[in-house]
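Quick notes on the structure that follows.
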Ligand SMILES: Nc1ncnc2c1ncn2[C@@H]1O[C@H](COP(=O)(O)OP(=O)(O)OP(=O)(O)O)[C@@H](O)[C@H]1O
Ligand SMILES: [Mg+2]
């Protein structure tokens with residue numbers, strides 16, 4: 001029974017992956033590739049947040065800080081090098097290191113405060129970055145509130161090249177994160193979520209595990225922000241905005257926290273919904289307030305189906 | 321024989337209220353000691369002070385020749401101090417096997433491995449299987465802890481503490497909330513572990529019959545102080561103890 | 575000297591504004607262990623209600639009353655629908671109040687639009703008195719007086735009334751209060767609604783203070799209020815007041831001497847320092863870990 005279930009899911013995943021690899025060779029309008037690119041960037045972003053929230057049980061409202069750092073690192077590097085690949089890679093490495101550094105600092109704060117506090121602290125930090133990014137004094141570096149255009153290397157503009165790059169990074173990241181959460185360290189993170197003080201009394205240094213999970217999640221979020229830049233090609237201060245942090249949270253909750261696949265599903269649903277609803281909104285004025293619907297849906301899911309879509313599917317499957 | 325655990329003038333206060341006042345206590349290697357006393361007399365606080373869940377207001381704690389009262393809880397655990405709690409204190413969303421895998425992995429120093437699947441370490445699996453068998457939980461390995469019966473949770477709680485292979489085991493009312501017929505099983509388990517491994521055990525216990533059957537020495541706490549200490553026979557004959565207990569202050573719980 | 579005094583007054587009035595917002599956050603955390611992320615949205619709703627009523631009636635008193643009552647009602651509904659089913663589960667409460675923040679912040683745009691709007695200010699609050707070269711802005715006087723009044727009334731309420739005693743006992747030891755058979759749930763609702771009412775009052779006054787309102791000012795103000803609470807110590811009544819003073823005054827002086835972008839960072843810096851050196855806040859009690 002269990003074996004057959006696994007076989008079924010393996011088959012489904014292989015088919016989906018194959019479909020995702022093959023379709024751009026047959027049909028690849030620009031809008032679709034761009035939409036798919038946004039979905040993939042957000043999927044990775046949400047996955048990074050799932051590591052933090054779904055596995056380690058840490059609530060942050062500031063994951064966008066890392067997303068923005070990644071985005072600006074690529075944007076600044078691409079302008080400095082005029083789209084040269086070497087500078088771009090250098091920028092990417094710098095962005096990841098910067099994200100790790102911020103993750104380290106936040107991690108130490110995290111180890112000193114209670115659950116809800118940390119959400120506020122991280123929110124405040126991302127708001128500061130937003131202010132800095134839009135500041136007039138830093139305009140030469142960040143472009144102020146107008147933002148910075150991203151110069152994407154030529155070869156990425158050919159056909160679905162960007163799409164395949166994003167796809168590869170996403171799959172690779174998924175594999176890495178999947179191994180992390182199933183490893184002994186991942187078990188400790190889940191244990192921390194379930195019962196922090198007992199984890200400590202078993203001899204695990206909770207402080208170190210918290211710092212570690214925040215750093216790792218931050219680095220993946222930064223990578224996600226970089227991917228996003230390759231798709232939308234402009235970095236604006238809004239990257240640091242609360243709405244992005246909350247999007248990640250929403251995707252994780254809708255798809256199912258602590259499943260790693262859930263956030264991907266959540267990203268598909270949310271990006272599509274935002275895309276569709278905001279375009280319908282221009283003709284049906286009420287729908288421009290679709291955020292209200294989202295908020296209500298979010299509350300309902302948290303209260304009625306806290307395991308999200310994937311978690312609830314699992315539960316249904318277990319009970320059959 | 322030298323004391324393995326020594327409390328020197330230990331005081332603990334909560335918001336100005338003293339939970340422990342200048343407690344002196346020495347426990348010898350391999351001893352099985354029972355800690356008794358009325359509700360709120362500071363028994364749990366004493367264990368918390370030893371395992372690192374509360375800070376001392378004054379005094380020192382020494383273990384195996386080292387001063388430990390300034391160490392964080394996880395370092396004390398690594399020195400071989402194992403702890404089970406008064407309330408069931410497990411990982412409810414994880415399976416029984418995972419609950420045991422955590423302490424075993426901690427003992428083997430595997431906690432920072434990030435690549436191989438947690439269930440893919442043969443030495444961990446062997447230890448977990450042994451524990452499951454020893455504690456009669458084989459059939460429950462894959463079950464989420466949240467859905468176990470209360471007695472099973474208590475057993476698992478002790479198993480998790482023992483999975484660390486501590487040299488000093490602190491048990492806080494291991495039979496609390498258990499059905500009467502399950503009590504002998506836990507008492508037998510404690511004696512068995514103590515005899516087999518020779519580790520030092522400190523157990524808080526309300527059931528006097530269990531205490532008398534198990535303990536080599538009893539320490540009575542009252543109002544944050546050591547009221548009396550000695551063999552079960554001498555404690556039962558002690559005037560002050562009788563006064564405290566027979567004076568109606570002792571309420572049998574559960 | 576004049577500059578100093580002018581900055582002092584301006585700092586005091588921001589402090590009063592922060593205080594109104596922070597008091598509710600702190601109280602509901604102390605008693606209910608809830609971090610209410612919808613607080614900032616209630617603040618905005620209070621502000622818009624006040625503005626609307628003032629437009630209709632040209633009475634500031636009515637505007638204040640309407641805004642405050644609406645805030646209390648919102649708080650009551652939030653507590654009943656979102657918090658009550660989930661006491662003890664911080665994650666769920668944080669998430670649902672956050673969802674409410676989303677909904678409320680967006681819903682206010684339906685009648686009033688997404689952009690900043692001007693707020694009518696009664697003539698007697700226009701301008702400033704000049705006292706020996708020091709500008710005493712009239713609105714600031716209003717803010718500071720209301721802040722002091724609320725603080726004083728709150729103190730009397732907490733120390734002199736039965737409900738206040740229950741609240742204080744509940745902050746110290748909720749289990750005990752519940753064991754005494756006091757209907758703590760109803761107290762929870764009352765305290766939460768009162769905190770929301772204060773936030774809404776803050777919103778009405780903020781409209782007067784800034785002369786304008788926008789739907790997204792809830793977030794920034796809520797963040798500042800949270801910083802105040804953290805600095806003062808969660809659940810500590812006077813700590814919140816001191817935290818508000820500290821953050822308000824430092825902010826006022828910083829905005830004079832430092833470039834404006836850095837000012838936003840100053841608050842967070844204060845919070846970070848407090849969290850690093852005294853995580854329980856200046857006046858908070860260390861929580862006992864078990
Ligand atoms: N975390 C805490 N915060 C505040 N006071 C505490 C805390 N833990 C214990 N106390 C107080 O310290 C005193 C001793 O409590 P402790 O739990 O050590 O007693 P005990 O002997 O274990 O009682 P019981 O038999 O009920 O388990 C009590 O008055 C209790 O209220
Ligand atoms: Mg106890």
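Chains as they are written, first to last, in this note's numbering: chain A, 1 to 320; chain B, 321 to 574; chain C, 575 to 864. Yeah, the Cβ is synthetic: ideal placement off N, Cα and C, and Gly gets one too. The structure presented is a predicted model; accordingly, all values stated were derived computationally and were not measured.
CB contact check: residue i to chain B, cutoff 9 angstroms
i	result
residue 206 (chain A)	yes
residue 193 (chain A)	yes
residue 157 (chain A)	no
residue 13 (chain A)	no
Closer than 9 angstroms to chain A by CB, residue i
i	result
residue 392 (chain B)	yes
residue 680 (chain C)	yes
residue 432 (chain B)	yes
residue 841 (chain C)	yes
residue 845 (chain C)	yes
residue 683 (chain C)	yes
residue 665 (chain C)	yes
residue 677 (chain C)	yes
residue 577 (chain C)	no
residue 611 (chain C)	yes
Local Cβ density within 10 Å of residue i, reported as buried at 16 or more and exposed below that
i	result
residue 470 (chain B)	exposed
residue 831 (chain C)	exposed
residue 747 (chain C)	exposed
residue 67 (chain A)	buried
residue 864 (chain C)	In this predicted model, residue 864 (chain C) has a pLDDT of only 28, less than 50, meaning its place in the structure is not dependable enough to derive any value.
residue 1 (chain A)	Low confidence applies here, because residue 1 (chain A) scores a pLDDT of 48, under 50, leaving its location unreliable; read the following figure in that light. Exposed: under 16 other Cβ atoms inside 10 Å.
residue 477 (chain B)	buried
residue 782 (chain C)	buried
residue 705 (chain C)	exposed
residue 723 (chain C)	exposed
residue 725 (chain C)	buried
residue 298 (chain A)	buried
residue 754 (chain C)	exposed
residue 135 (chain A)	buried
Residues that residue i bridges to, as DSSP identifies them
i	result
residue 328 (chain B)	B:380
residue 401 (chain B)	B:488
residue 545 (chain B)	B:542
residue 234 (chain A)	A:149
residue 524 (chain B)	B:355, B:492
residue 347 (chain B)	B:325
residue 705 (chain C)	C:708
residue 334 (chain B)	B:337
Any chain C beta carbon closer than 9 angstroms to residue i
i	result
residue 117 (chain A)	yes
residue 246 (chain A)	yes
residue 295 (chain A)	yes
Supposed contact pair residue j and residue i - C-beta distance, whole angstroms, cut 8 angstroms
i	j	result
residue 177 (chain A)	residue 51 (chain A)	6 angstroms
residue 774 (chain C)	residue 619 (chain C)	6 angstroms
residue 84 (chain A)	residue 226 (chain A)	The pair is not a contact, with the Cβ atoms about 16 angstroms apart (cut-off 8 angstroms).
residue 256 (chain A)	residue 64 (chain A)	Going by Cβ atoms, the distance from residue 256 (chain A) to residue 64 (chain A) rounds to 21 angstroms, so no, they are not a contact pair.
residue 711 (chain C)	residue 785 (chain C)	Not confirmed; about 11 angstroms, so no contact.
Neighbouring residues, chain C, relative to residue i (Cβ below 9 angstroms)
i	result
residue 275 (chain A)	In chain order: nothing, as chain C lies at least about 18 angstroms away.
residue 112 (chain A)	849, 850, 853
8 angstroms Cβ cut-off: residues of chain A touching residue i
i	result
residue 371 (chain B)	201
residue 758 (chain C)	What residue 758 (chain C) touches in chain A: nothing, since even the nearest Cβ is about 20 angstroms away.
residue 674 (chain C)	295, 299
Amino acids of chain B, ordered along the chain, whose beta-carbon sits closer than 7 angstroms to that of residue i
i	result
residue 306 (chain A)	Within 7 angstroms Cβ-Cβ: nothing; residue 306 (chain A) doesn't reach chain B, min ~12 angstroms.
residue 180 (chain A)	434
Within chain B, the residues that residue i reaches when beta carbons sit closer than 8 angstroms
i	result
residue 183 (chain A)	433, 434, 435, 436, 437, 438
Under 7 angstroms by beta carbon: chain A residues contacting residue i
i	result
residue 397 (chain B)	201, 202, 203
residue 426 (chain B)	202, 203, 204
Residue-level contact to chain D via CB, residue i, 9 angstroms cutoff
i	result
residue 642 (chain C)	Note that chain D does not occur in the displayed structure, where the protein chains are A, B and C.
Contacts of residue i in chain A (Cβ-Cβ under 9 angstroms)
i	result
residue 504 (chain B)	Going along chain A, no residue has its Cβ under 9 angstroms from residue 504 (chain B), so there is no contact; the nearest lies around 27 angstroms.
residue 418 (chain B)	187, 190, 191
residue 793 (chain C)	123, 127, 242
Exercise. Pull every residue with its beta-carbon under 7 angstroms away from any heavy atom of ligand 3, and keep them in chain order.
Key: Absence of ligand 3 is noted for the structure shown, with ligand 1 and ligand 2 being the only ligands found.
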